[in-house]
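In the working numbering, the protein residues as written are 104 to 560.
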């Protein structure tokens with residue numbers, strides 16, 4: 104698991120701006136993601152040799168009685184799970200009463216805290232930030248999240264507070280599958296069904312959070328590790344923020360997983376909470392299988408069942424690569440198909456492709472539909488290479504990376520899946536600028552129609 108850093112502070116001090124700046128260091132999508140609302144506030148930061156999870160907690164608002172009930176659960180959860188905290192204040196204002204209250208709250212947590220004075224955008228603001236020593240926290244890091252001032256010094260201090268990154272789990276432990284879904288969609292019943300049938304229950308191993316349990320099983324001679332988030336319950340005031348806890352647990356499980364199994368409820372259809380979890384999966388780039396549980400409730404209503412399938416495919420169009428399988432844990436309907444589907448999706452997302460084959464396919468795709476011109480100049484692609492798996496990640500060298508709009512990215516990803524016969528593999532494209540003197544992989548003028556690529560049986 105990556106170390107966890109929480110950004111906390113009053114509303115409107117610039118937490119989201121800092122979050123966006125830091126997570127962009129890994130080109131992570133933190134907004135404009137279909138199915139993801141403002142509540143999705145987790146991202147991964149890579150800086151030099153360090154990787155950590157960043158959490159934007161939203162604004163602390165205090166009432167006469169203290170921290171408002173509606174944010175108490177979120178705040179306590181974020182602080183309790185964090186390895187370090189970035190406490191942000193507004194450098195354009197004098198220290199506020201709310202700042203002092205948050206500082207005291209954080210001191211009681213016992214967690215390492217860095218005080219970040221934001222909005223120090225120029226010389227006019229430089230003189231005021233020492234006033235924040237009154238909060239009793241030091242050292243102080245004056246920054247401009249909007250313009251990037253002071254970010255390097257902040258990161259250097261932050262990574263010294265974080266625990267070392269743990270070793271990657273051994274590959275032979277099995278394919279790691281996060282079982283995700285809203286409460287009461289049948290996560291526990293699903294896992295217990297398979298553990299009971301296989302009679303291979305190993306004493307459940309504690310996961311990396313208090314509410315996640317790992318279970319090991321073997322299906323068709325293939326080992327799996329199921330990461331169960333079914334322990335989410337209304338245990339205390341923290342869990343009164345049920346939706347926040349759900350998204351948090353989903354993110355923590357996703358970090359460790361290689362495949363996500365998203366369970367939906369046939370009786371309730373696709374809900375806003377389902378979309379939030381799905382958006383989290385898509386943003387993480389995880390391979391995913393969607394299973395609609397409780398299908399026994401619509402088996403005798405074929406029109407209703409078809410409408411439900413259409414709703415799921417339409418609502419989750421942003422992860423059209425995910426196979427959808429109706430199941431019933433209660434009756435056993437389609438359960439034997441779940442793990443073969445997980446395995447095949449994993450296999451496709453783990454493929455290593457030859458560079459020559461990849462460039463030929465990319466050539467054919469672009470020849471069929473060239474990108475729009477950029478400032479009246481042609482956009483050229485020079486070279487493409489695979490740089491990672493899970494998800495399949497391709498680095499594409501082009502003369503104008505900024506010219507490749509989102510719709511053309513989607514076109515490229517979709518066509519790569521089609522041409523490579525990998526329909527269930529999510530694809531990540533990294534666009535890299537390169538000197539235009541290099542030879543194109545696609546001719547810039549006349550192009551002969553591409554030959555059809557034979558799909559393997």
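Every residue gets a Cβ at the ideal spot worked out from N, C-alpha and C, and that includes glycine.
| Item | Value |
| --- | --- |
| For residue 376, the nearest candidate out of 191, 218, 419 (CA to CA) | 419 |
| Distance, residue 319 Cα to residue 208 Cα | 40 Å |
| Three CB pairs or more closer than 8 Å across the segment 355-364 and the segment 398-414 | no |
| For residue 522 and residue 469, believed in contact at Cβ under 8 Å, the rounded distance | Not quite, the Cβ-Cβ distance comes to about 11 Å (not below 8 Å), so this is no contact. |
| Same chain, Cβ closer than 6 Å to residue 124, neighbours up to 5 away in sequence not counted | 248 |
| Chain-order list of residues whose beta-carbon lies under 7 Å from that of residue 232 (same chain, five-residue window excluded) | 194, 220, 223, 243, 245 |
| Proximal residues to residue 126 (C-beta, below 8 Å), its chain only, five neighbours per side dropped | 133, 146, 147, 148, 157 |
| Start-to-end residues for the alpha helix (DSSP H) that takes in residue 145 | Taken as a continuous stretch (DSSP letters only), residue 145 belongs to no alpha helix (DSSP H), being part of the beta strand (DSSP E) at 145-150. |
| Residue 106 burial status per 10 Å Cβ neighbour count (16 or more: buried) | buried |
| Distance, residue 217 Cα to residue 197 Cα | 18 Å |
| Continuous alpha helix (DSSP H) stretch holding residue 484: start and end | Note, residue 484: premise wrong, no alpha helix (DSSP H); beta strand (DSSP E) at 484-491. |
| Collapsed DSSP secondary structure at residue 255 in the structure displayed | helix |
| Which of helix, strand or coil DSSP assigns to residue 241 | coil |
| Residues that residue 319 bridges to, as DSSP identifies them | 328 |
| For residue 224, the three-state DSSP class (helix, strand or coil) | coil |
| Any non-hydrogen atom of the ligand FAD closer than 7 Å to residue 145 Cβ | As for the ligand FAD, it is missing from this structure, which has no ligand bound. |
| Test item: CB-CB of residue 441 and residue 428 under 8 Å | yes |
| Beta-carbon proximity of residue 326 to residue 276, cut-off 8 Å | yes |
| Entirely enclosed alpha helix (DSSP H) segments - the segment 342-407, minimum 4 residues | 345-359, 375-387 |
| Distance, residue 295 Cα to residue 410 Cα | 30 Å |
| Helix, strand or coil at residue 519 [DSSP, three-state] | helix |
| Beta-carbon proximity check, residue 394 vs residue 357, cutoff 8 Å | no |
| CA nearest to the CA of residue 425, picked from 189, 180, 392, 535 | 392 |
| First and last residue of the uninterrupted alpha helix (DSSP H) at residue 458 | 458-471 |
| Cα-Cα separation between residue 113 and residue 459, rounded to whole angstroms | 53 Å |
| Close-in-space but distant-in-sequence residues of the same chain around residue 262 (CB under 6 Å, 5 per side omitted) | 153 |
| Residue 290 burial status per 10 Å Cβ neighbour count (16 or more: buried) | buried |
| For residue 390, the nearest candidate out of 162, 529, 188 (CA to CA) | 529 |
| Residues of its chain near residue 564, where Cβ-Cβ distance is below 6 Å and the 5 sequence neighbours each way are ignored | Nothing about residue 564 can be read from this structure; the chain reaches only from 104 to 560. |
| Residue 369 versus residue 189: straight-line alpha-carbon distance, rounded | 42 Å |
| Residue 502, buried or exposed, once every other Cβ within 10 Å from all chains shown has been counted against 16 | buried |
| N-terminal and C-terminal residue of the alpha helix (DSSP H) that residue 118 is part of | 118-126 |
| Simplified DSSP state of residue 418, which is helix, strand or coil | helix |
| Neighbourhood of residue 449 by C-beta, 7 Å cutoff - its chain only, sequence neighbours within 5 removed | 278, 361, 362, 390 |
| Three-state class that DSSP yields for residue 247 in the structure shown | strand |
| Residue 355 versus 184, 119, 535, 118, residue with shortest Cα-Cα distance | 184 |
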